[in-house]
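Each remark here refers to the structure printed beneath this line.
Protein chains: 2
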Amino acid sequence: MDKVTIKDIAKVADVSYATVSRALSGSSEIGEATRERILRICDEMNYIPDSVARSMVKKRTNILGVVTASINNPFMSELIEAIEITARENGYNLMVCNSAYDLELEKRQFSLLLGRRVDGIIVIPAGKETVANLSSYSTDIPVVYVSENIPDAGQFFVAIDNAAGAKLAVSYLQSLGHRKILYLGRREGSLTHRLRAEGVVAACRELGMEVVFKDNDNDGKSSMEAGCRLAKEYFRSPEGCTAIFCATDALALGAMQAADEDGVRIPEDISLMGFDNISFTALPRIGITTIEQPQLEMARAAFELITRSSEEENRQSISIEPRLVVRTSCRSV
Amino acid sequence: MDKVTIKDIAKVADVSYATVSRALSGSSEIGEATRERILRICDEMNYIPDSVARSMVKKRTNILGVVTASINNPFMSELIEAIEITARENGYNLMVCNSAYDLELEKRQFSLLLGRRVDGIIVIPAGKETVANLSSYSTDIPVVYVSENIPDAGQFFVAIDNAAGAKLAVSYLQSLGHRKILYLGRREGSLTHRLRAEGVVAACRELGMEVVFKDNDNDGKSSMEAGCRLAKEYFRSPEGCTAIFCATDALALGAMQAADEDGVRIPEDISLMGFDNISFTALPRIGITTIEQPQLEMARAAFELITRSSEEENRQSISIEPRLVVRTSCRSV
DNA sequence: TCCTCCAATGAAAACGTTTGCATTATCCAT
DNA sequence: ATGGATAATGCAAACGTTTTCATTGGAGGA
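These protein sequences, in sequence, are chains D and Z. For what it's worth, the numbering used here labels the leading residue of the first sequence as 1, then goes sequentially. For what it's worth, the numbering used here labels the leading residue of the second sequence as 334, then goes sequentially.
Structure representation (structure tokens):
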């Protein structure tokens, strides 16, 4: 069965194809009777408008591009799902490209999307140089970076308030009676990590708590392995912390493994908190108390930023408030 | 900066735009000198070919559509990532649509993709009626269904050999000395579940093992909750099984939770196996021995089926061999 | 010198829509 | 009756490519 076009419909309905187009677009410049007749014919002939041709003339595709460091990563797949929902609600489709944490590939994917003439691109960055790399492309397609807010980069960002998240965690621990905590994470490295670490320092100072650091020097292993290694190092020469706060849930998972292997009980011997609220943390036997990044909210914010790109004035990077999710990995002391 | 088209290049290079097109497409019908000159100009002017216009005339988009029941589900997100890799390696982009397990939405998404003139559609079905629903669309766009092989449906499928997977599990348990096992799952319902259940029956008969069933009557709760409930029911009136084999990892996770809450130790008191090898199962504290569905292999198979649609003869549904993944949830008796 | 042939290039149609403008038909007020 | 406004429709250009066919120029053979 050959693809039926607007011309075929026009022939059958004995009108010009402009009229068919108008019937379909819901234009007011058409008689009610003809509209219904044409729509019926379209239905009978299984006509599906060609989005490619439509995009060609309208100069918009109703496609949103997504370049993500990973599709499979639980945080990101939830974010992508949230973006898809938001996009669909607004009549957009999603073109999803994986950069696999590879900056070169990320550039290629980005450029590919430009060629696809997508109406906007949401980037979940592959690394620290992502923003610098991609903002060198001169284009009028709106771009939003999600999950790390770099000030003065001349780009638009959606990110949670990492410092606030850190404070949320620290003050929760304080309310439980903890006074000295271990922070597992990187103090330099990505901006996200820096902000979280600084947030911890500030919150501890403000709340009169003591913090000791174990820096993840990021030797190429997975976060979970790193968390395991660092926690074990700490257990070998403990400094009296009653809680561990990890920069990410993956680190926390590793710390949990370390605790199990070293016979340290959670939360009886030490409390444990993560950051991100990836789906893992909710599992039975895991139950890690953590700080949530509300993905749906982030997706909506990114979408707004994309589609409001015409109104340049009131457009600025958006900061999302994190949320505390209490599970079973912390106890009061 | 206005979008630069092939005509702008032509004007600068002082050639016709046909020549520019030829230079870009690597056609042999062009002088080496002009080609290089044109390519240099394209580069200088940051020219990116318009895929929309190209698709319009070539009648192919180099886009693959994916309609998936969930983006976030760990099995599916891994599968989607695998599909993206395969697609990219072959010059395709992915348009990902979520059906959210909703058959109506699934139809809309499918129809949308037809309008997008994608070169093929991979469906991860939302439910039992998916195939019947979607095969009613008359289209010459190739379609492949992943993860459930319905015979004689006149469609193409990629699925693992569920019976073989079941047998793999049962004979592993037998090799560990188990002689009587509990099977948690649905015996009717989706084909996948039926095949797994039948595979268990057949394997037990063949290997001289006894099996007792707990049917998941699927009361709308999540699989994990169902697994928890069913396992608790069993623990209340045990029948001497030394191992539980669950139809899915989610069920197994629920069973594990039930065991924890009822003070049943895994694997000391009872062994536990799942099916699917979703990423959860590898986590510390979880470590569920399971049957893997190799997603990358499935993605490649689906892609082959899509792109080989012209050669109708040697094209048929593909069955993938499952693989045993041993972790710590089983012991020998 | 002339013809032939081939390589390189140009002209223009085609892909399936949307939309601005022109045209016709209809209706109401004068 | 006539004019003008308005509603409904048709015509044709435009979107940015690819590709077929025609044209040109020059090289090489006789």
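Glycine included, every Cβ here is placed at the ideal spot set by N, Cα and C.
With 16 other Cβ atoms within 10 Å as the buried cut-off, status of residue i
i: residue 89 of chain D; result: exposed
i: residue 95 of chain D; result: buried
i: residue 475 of chain Z; result: buried
i: residue 267 of chain D; result: buried
i: residue 676 of chain Z; result: Since the displayed chain Z opens at 334 and closes at 666, residue 676 of chain Z lies outside it and no answer follows.
i: residue 379 of chain Z; result: exposed
i: residue 407 of chain Z; result: buried
i: residue 119 of chain D; result: buried
i: residue 66 of chain D; result: buried
i: residue 417 of chain Z; result: buried
Contact list for residue i against chain Z, beta-carbon separation under 7 Å
i: residue 46 of chain D; result: 471
i: residue 102 of chain D; result: Residues of chain Z passing the Cβ test: none, with the nearest at roughly 12 Å.
i: residue 133 of chain D; result: In chain order: nothing, as chain Z lies at least about 15 Å away.
Cβ neighbours of residue i in the same chain (closer than 8 Å, five flanking residues each side left out)
i: residue 292 of chain D; result: 276, 277, 322, 323, 324, 325
i: residue 598 of chain Z; result: 592
i: residue 188 of chain D; result: 194
i: residue 483 of chain Z; result: 464, 490, 524
i: residue 554 of chain Z; result: 562
i: residue 304 of chain D; result: 318
i: residue 653 of chain Z; result: 491, 492, 493, 494, 626, 627, 630, 631, 634
i: residue 588 of chain Z; result: 517, 560, 561, 563, 564, 577, 579, 605
Within chain D, the residues that residue i reaches when beta carbons sit closer than 8 Å
i: residue 616 of chain Z; result: 253, 280, 283, 286
i: residue 382 of chain Z; result: 115
i: residue 444 of chain Z; result: 48
Residue closest to residue i, alpha-carbon to alpha-carbon, out of the options
i: residue 415 of chain Z; options: Z:628, Z:649, Z:639, Z:643; result: Z:628
i: residue 135 of chain D; options: D:116, D:117, D:157; result: D:157
i: residue 536 of chain Z; options: Z:594, Z:440, Z:495; result: Z:495
i: residue 11 of chain D; options: D:77, D:41, D:281, D:271; result: D:41
i: residue 39 of chain D; options: D:85, D:9, D:66, D:201; result: D:9
i: residue 87 of chain D; options: Z:411, Z:431, Z:484; result: Z:431
i: residue 386 of chain Z; options: Z:377, Z:338, Z:460; result: Z:338
i: residue 50 of chain D; options: Z:392, Z:559, Z:567, Z:543; result: Z:392
i: residue 298 of chain D; options: D:65, D:79, D:67; result: D:79
i: residue 568 of chain Z; options: Z:554, Z:580, Z:545, Z:550; result: Z:545
i: residue 485 of chain Z; options: Z:661, Z:649, Z:602, Z:638; result: Z:649
i: residue 271 of chain D; options: D:319, D:285, D:263, D:242; result: D:242
i: residue 44 of chain D; options: D:13, D:66, D:27, D:26; result: D:13
i: residue 48 of chain D; options: Z:358, Z:447, Z:437, Z:366; result: Z:447
i: residue 580 of chain Z; options: Z:633, Z:425, Z:529; result: Z:529
i: residue 662 of chain Z; options: Z:622, Z:638, Z:401, Z:637; result: Z:622
Proximal residues to residue i (C-beta, below 7 Å), its chain only, five neighbours per side dropped
i: residue 362 of chain Z; result: 355
i: residue 128 of chain D; result: 190
i: residue 435 of chain Z; result: 459
i: residue 667 of chain Z; result: Here chain Z has residues from 334 to 666 only, and residue 667 of chain Z is not among them.
i: residue 215 of chain D; result: 186, 187
Cβ shell of residue i (< 6 Å), same chain only, five flanking positions each side left out
i: residue 578 of chain Z; result: 502, 514, 516, 606
i: residue 117 of chain D; result: 61
Bridge partners - residue i, DSSP secondary structure assignment
i: residue 498 of chain Z; result: Note: residue 498 of chain Z sits in no beta bridge, so no partner.
i: residue 515 of chain Z; result: Z:545, Z:577
i: residue 609 of chain Z; result: Z:625
i: residue 97 of chain D; result: D:67
i: residue 120 of chain D; result: D:64
i: residue 489 of chain Z; result: Z:477
i: residue 324 of chain D; result: D:291
i: residue 318 of chain D; result: D:158
i: residue 604 of chain Z; result: Z:576
Contacts of residue i in chain Z (Cβ-Cβ under 8 Å)
i: residue 84 of chain D; result: 404, 429, 430, 431
i: residue 53 of chain D; result: 389
i: residue 256 of chain D; result: 617, 618
i: residue 354 of chain D; result: Not covered by the structure: residue 354 of chain D. The range shown for chain D is 1 to 333.
i: residue 162 of chain D; result: Under the 8 Å cutoff, chain Z gives no residues; its nearest Cβ is about 23 Å from residue 162 of chain D.
Chain D contact residues for residue i, given Cβ-Cβ distances below 9 Å
i: residue 593 of chain Z; result: 284, 285
i: residue 549 of chain Z; result: In chain order: nothing, as chain D lies at least about 18 Å away.
i: residue 423 of chain Z; result: Correct list: empty, because the minimum Cβ distance to chain D is about 13 Å.
Chain D contact residues for residue i, given Cβ-Cβ distances below 7 Å
i: residue 394 of chain Z; result: 52
i: residue 413 of chain Z; result: 71
i: residue 410 of chain Z; result: 71, 72, 77
i: residue 610 of chain Z; result: Result: empty, since nearest Cβ-Cβ is about 13 Å, beyond 7 Å.
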